[in-house]
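Enquirer:
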Amino acid sequence: MRLEPIIVIPARKAAERLPGKPLLDIRGTPLVVHVWRRAREAGLGPVLVATDSPDIVRVIETAGGAAILTSHKHQSGSDRVFEAVSATDPDARYDFVVNLQGDLPNIAPEALRAALVPLADPAVDIATLATRLADPRMSGDPNVVKVIGTAVGENRLKARCFTRAAIPDGEGDLLEHIGVYAFRRAALERFAALPPSRLETRERLEQLRAIEAGMRIDVALVDDAPIGVDTPADLERARTYFERKTKP
4 MRLEPIIVIP ARKAAERLPG KPLLDIRGTP LVVHVWRRAR EAGLGPVLVA TDSPDIVRVI
64 ETAGGAAILT SHKHQSGSDR VFEAVSATDP DARYDFVVNL QGDLPNIAPE ALRAALVPLA
124 DPAVDIATLA TRLADPRMSG DPNVVKVIGT AVGENRLKAR CFTRAAIPDG EGDLLEHIGV
184 YAFRRAALER FAALPPSRLE TRERLEQLRA IEAGMRIDVA LVDDAPIGVD TPADLERART
244 YFERKTKP
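Positions in the sequence shown are counted from 1; adding 3 to them yields the working numbering.
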């Protein structure tokens, strides 16, 4: 399959749970710069940060990256991604758009590459990632998004539901969602044209807009979950991770 992807990192400064989150310091580097570096390491194509903050534009440009100012009114990261791609690639040179959430500072480059694999199937509109939940007790944590799906191949599921709530008990793996979405360009355009859905608003999960509209999301399973920085405790985990990584 011919791929012409672009990675876009939506970074909103006014995060509710961690205000100023993209600029928070992790071992002397802003969080969003760590994410930008992981995206570059994947080697998939150009990387663009889409933000509502001139401060975030400045730190990315200082790091050597590209960033664009977008509206502060967007309902989801993918809406912000769509504005950025429409402005910077009006001729649709890039036919696949990877939305990498801006709070995953240690996501593995190979995981980003894995997110594109389900799109080899023309029936798939959007692809995303999940991993097996390391601690089943986390299934009730609303900061951990869970996914339920039907197996359609080795390490691949057709998504049925995403939720912050505790997922069904019983036999089988519990799966934690990872905040990466690989869109076909046409699917991103369709998604952005839809109003926020009821379940999306209730759960604060943008992918539910696509599910409710009948769009197909397939999930590639990867081995490990990156640290998602949503709380002060997550931020400390990320700082500890990079501190250990930089020790000789």
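Using N, Cα and C, we set each Cβ at its ideal position, and we do this for glycine too.
Does the stretch 20–31 touch the stretch 226–243, meaning 3 or more C-beta pairs lie closer than 8 Å?
Expert: Contact between the stretch 226–243 and the stretch 20–31 is present, because at least three Cβ pairs lie under 8 Å.
Enquirer: Grab me the residues of alanine 111's own chain with a C-beta within less than 8 Å of its C-beta, minus the 5 sequence neighbours each way, in chain order.
Expert: For the purposes of this step, residue 111 is taken as residue 108 along the sequence shown, with counting starting at 1. Same-chain partners within the cutoff: Arg41, Val225, Asp227 and Pro229.
Enquirer: Start and end of the beta strand (DSSP E) containing glycine 80?
Expert: For the purposes of this step, residue 80 is taken as the residue at position 77 of the sequence shown. Looking at the DSSP string, glycine 80 is not in any beta strand (DSSP E); the run it does join, the alpha helix (DSSP H), is 80–91.
Enquirer: How would you call glycine 143, buried or exposed, if buried means at least 16 neighbouring beta carbons within 10 angstroms?
Expert: Here residue 143 refers to the residue found at position 140 of the sequence shown. With fewer than 16 other Cβ atoms within 10 Å, it is exposed.
Enquirer: Does the Cβ of alanine 114 have 16 or more other Cβ atoms within 10 Å, making it buried, or fewer, making it exposed?
Expert: Position 111 of the sequence shown, counting from 1, holds the residue named residue 114. By the neighbour-count rule (16 or more Cβ atoms within 10 Å), alanine 114 is buried.
Enquirer: Could you name the residues that DSSP lists as bridge partners for tyrosine 184?
Expert: Working through the sequence shown from its first residue, we reach residue 184 at position 181. According to DSSP, tyrosine 184 bridges with Asn102 and Thr131.
Enquirer: By the DSSP assignment, the alpha helix (DSSP H) with aspartate 58 in it spans what residues?
Expert: Along the sequence shown, read from residue 1 onward, the residue named residue 58 stands at position 55. From DSSP, the alpha helix (DSSP H) with aspartate 58 extends over 57–65.
Enquirer: Can you find the residues in the same chain that come closer than 7 Å, C-beta to C-beta, to threonine 91, ignoring five residues on each side of it along the sequence?
Expert: Sequence index remark: in the sequence shown, residue 91 carries index 88 (1-based). So the list reads Leu51 and Ile71, once near-sequence residues are dropped.
Enquirer: Can you pull the DSSP bridge partners for leucine 47?
Expert: Residue 47 sits at position 44 when you count from the first residue of the sequence shown. None; leucine 47 has no bridge partner.
Enquirer: Using a 10 Å radius around the Cβ and a threshold of 16 neighbouring Cβ atoms, would you call serine 56 buried or exposed?
Expert: In the sequence shown, counting from the first residue as 1, residue 56 sits at position 53. When all chains shown are included, serine 56 counts as buried.
Enquirer: How would you call arginine 207, buried or exposed, if buried means at least 16 neighbouring beta carbons within 10 angstroms?
Expert: Position 204 of the sequence shown, counted from the first residue, corresponds to residue 207. Label assigned to arginine 207: exposed.
Enquirer: Give the secondary structure of glutamate 261 by DSSP, where H, G and I count as helix, E and B as strand, and everything else as coil.
Expert: The question about residue 261 has no answer here: the residues shown for the chain are numbered 4 through 251.
Enquirer: State yes or no: is the C-beta of arginine 219 within less than 9 Å of the C-beta of proline 199?
Expert: Along the sequence shown, read from residue 1 onward, the residue named residue 219 stands at position 216. Along the sequence shown, read from residue 1 onward, the residue named residue 199 stands at position 196. Contact: no.
Enquirer: Rank Ile10, His75 and Val60 by C-alpha distance to the C-alpha of glycine 48 and give the top, closest one.
Expert: Locating residue 48 in the sequence shown gives position 45, counting from the first residue. It is Ile10.
Enquirer: Within a Cβ cutoff of 7 Å, which residues of the same chain sit near alanine 154, ignoring the five residues on either side of it in sequence?
Expert: Sequence index remark: in the sequence shown, residue 154 carries index 151 (1-based). Answer for alanine 154: Leu160, listed in chain order.
Enquirer: Does the distance from the C-beta atom of arginine 163 to that of lysine 149 stay below 9 Å?
Expert: Taking the sequence shown and counting its residues from 1, the one referred to as residue 163 is at position 160. Taking the sequence shown and counting its residues from 1, the one referred to as residue 149 is at position 146. No, Cβ-Cβ distance for arginine 163 and lysine 149 is not below 9 Å.
Enquirer: Would the stretch 18–27 count as touching the stretch 71–89 if we require 3 or more Cβ pairs under 8 Å?
Expert: Touching, no, given that fewer than three Cβ pairs across the two stretches are closer than 8 Å.
Enquirer: Can we say the stretch 181–197 touches the stretch 93–111, given the rule of at least three CB pairs closer than 8 Å?
Expert: These segments touch.
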